[in-house]
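Chains as they are written, first to last, in my numbering: chain A, 1 to 344; chain B, 1001 to 1210.
Heads up, the beta-carbon is just placed ideally off N, CA and C, and yes, glycines get one too.
What follows is a set of notes on a single structure, which appears directly below.
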């Protein structure tokens, strides 16, 4: 077996050392025949990976992708808000002393009014940006240096969208495909589409860059939670739909969620319900075919999947959502848990 | 108690409450129209319809299932976000494939300008195929041809590939199960891939002649 084939066979099985990989790269870089053979073999290997996807994994793919979709309703609200702002700018021109305009009757007139509204909009935003810049510079001088430095350190430690801060018991990080699992350790970053899985009795805490914390607890059996990668979608960032999304399959999840933007709430999904959070503390328990939500602080909106019914659960209240039956909020939430320990 | 009930079929995840049978019979234009109208759960049917085909195309450029699945998911999410820009008069799949390949082209452009060392260089070589085949037509043809070639494999070889790729077994596990050495198994797998490559070429050449 010639050297190229040896290296290529090792490469395709993921068995090359760093030195061997460099040797393969050098061969491929300097020899057109090897380059051609590399491309041909790598192509077949990729096609085989794409071909052999079991039916359950395909169904799982649909489920996970649906979990990652942004909320279209929120996008529509954003567009409506922008249109409302443009429309509101026209009366503002009247109050500024300009002659009151008659209602637009033709397409040209409507277009002219829209152009004027957009111009006002631009002028308003420029003024706001100028004031914000001056204020920001002043605040930075007075308070900001230390905080920004701390945030920079925190962000640098987060290669992913969150990090594991503490681990007790047998906890694994699960990647997109359920087969890939590795033992979780405090300080490890979590990328989007990563999950945490706890076998037996154990717990793990996760911290997002904004300070929101989630603690996953398994009392028996397996507890599993999934994060959804939205941070890497530039389109979503631009569209203002960068909400955190988490899916709890089984187990208990204690959450302490920092204040979220109204356009970007954190959304937690369970098999029975979806929970929308703008900033609060609560516990979510998924066991059997029901989801229990205990709210300790703030308000949380829960929507049942089976019929789309929504209720708002306030502080010190709880609710149990199954596939059917009454969906009513009750007083007397369970005792709040202690704060998750913050690791490295 | 603050309680607001709003009956809705919308659910960003809500597959259990949804009638998949009805969606499966719907035309592509109907499905897209319903998603645009706010029935988010209907998008699951579009994913079901096109995931295999698009996965086949993307796999041409990737070397692990995790990478393929990640790129595939990104493509479906991006397509959902950009659905307002989709022209319903045109077929959905080529538009979706275009979005998926745009992601690859961005990565290729980044690698073109970066210093390519080690794994980055190998990655660059794989994506370089996009220069000759920007629409992914060749990737699509090769993916389809692979199916024919796999059908012709002897049962032993087919089950080896099944264990390696579908069950994601390591070469060490497979060697232990087959009572052979890792080295011998690596050679066997390499030859199998070479044979499949030759078969795919032959299939494509026959297709061209036909």
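- Classified as buried, residue 1125/B has 16 or more neighbouring CB atoms from the shown chains inside 10 Å of its CB.
- Close CB contacts of residue 188/A within its chain, under the 8 Å cut and outside five residues either way in sequence, are with 163, 164, 173 (chain order).
- Nearest neighbour of residue 200/A by Cα position, chosen from 288/A, 217/A, 67/A, turns out to be 217/A.
- With its beta carbon at least 7 Å from every one in chain A, residue 1086/B lies outside the interface.
- Between residue 1197/B and the set 1146/B, 1164/B, 1025/B, 1106/B, the nearest pair of CA atoms involves 1146/B.
- For residue 1095/B, the enclosing alpha helix (DSSP H) stretches over residues 1092-1113.
- Inter-residue distance for residue 137/A and residue 312/A is about 40 Å (C-alpha atoms, whole angstroms).
- Fewer than three pairs of CB atoms, one per stretch, sit closer than 8 Å, so the region 1041-1055 of chain B makes no contact with the region 1101-1114 of chain B.
- Sequence-distant Cβ neighbours of residue 336/A in its own chain, meaning closer than 7 Å and more than five residues away, are 281, 296.
- Nearest Cα to residue 322/A within the set 268/A, 196/A, 291/A: 291/A.
- In the structure shown, residue 1201/B falls within a helical segment according to DSSP collapsed to helix, strand and coil.
- Residue 1132/B sits in a helix when the DSSP states are folded into three classes.
- One Cα belongs to residue 215/A, the other to residue 205/A, and the distance between them is close to 4 Å.
- Contact of residue 1042/B with chain A is not assigned, every C-beta pair being separated by 7 Å or more.
- Listed along the chain, the chain A residues whose CB falls inside 7 Å of the CB of residue 1058/B are 50.
- Runs of the alpha helix (DSSP H) lying entirely within the region 1042-1077 of chain B and spanning at least 4 residues, in chain order: 1043-1059.
- Under a 10 Å Cβ-count criterion, residue 133/A is classified as exposed, with fewer than 16 other Cβ atoms of the shown protein chains found around its own Cβ.
- Against chain A, the CB of residue 1105/B has no partner CB under 7 Å away; the residue lies outside that interface.
- Per DSSP, reduced to three states, the secondary structure at residue 257/A is coil, with no helix or strand assignment.
- When the Cα atoms are used, residue 1029/B and residue 1090/B turn out to be separated by approximately 9 Å.
- Taking a Cβ-Cβ cut-off of 7 Å, residue 1173/B has no neighbours in chain A, whose nearest Cβ is about 11 Å from it.
- Beta bridge pairing from DSSP links residue 331/A with 317/A.
- Residue 9/A is a Cβ neighbour of residue 1190/B, given a cutoff of 7 Å.
- Judged by DSSP secondary structure, residue 290/A falls within the beta strand (DSSP E) whose first and last residues are 290-297.
- Taking residue 1150/B as the centre and dropping the five residues before and after it, the same chain places the C-beta of 1158, 1161, 1196 closer than 8 Å to its C-beta, in chain order.
- The straight-line gap separating the alpha-carbon atoms of residue 28/A and residue 210/A is approximately 45 Å.
- Here residue 1086/B has 1095 as same chain residues with Cβ atoms under 6 Å from its own Cβ, once five neighbours each way along the sequence are excluded.
- Among the residues of chain A, none has a CB under 7 Å from the CB of residue 1157/B; the nearest is roughly 12 Å distant.
- The beta carbons of residue 1092/B and residue 1032/B sit about 6 Å from each other, so the pair counts as a contact at 8 Å.
- Using a Cβ distance threshold of 7 Å, residue 226/A and residue 195/A count as a contacting pair.
- At a cut-off of 7 Å between C-beta atoms, residue 1152/B does not count as an interface residue with respect to chain A.
- When C-alpha distances from residue 1167/B are compared across 168/A, 284/A, 52/A, the shortest belongs to 52/A.
- Bounds of the beta strand (DSSP E) holding residue 172/A are 162-174.
- Under the Cβ criterion of 7 Å, residue 1077/B is counted among the residues facing chain A.
- Between the alpha carbons of residue 190/A and residue 171/A lies a gap of roughly 13 Å.
- A Cβ-Cβ separation of about 14 Å leaves residue 273/A out of contact with residue 250/A under the 8 Å criterion.
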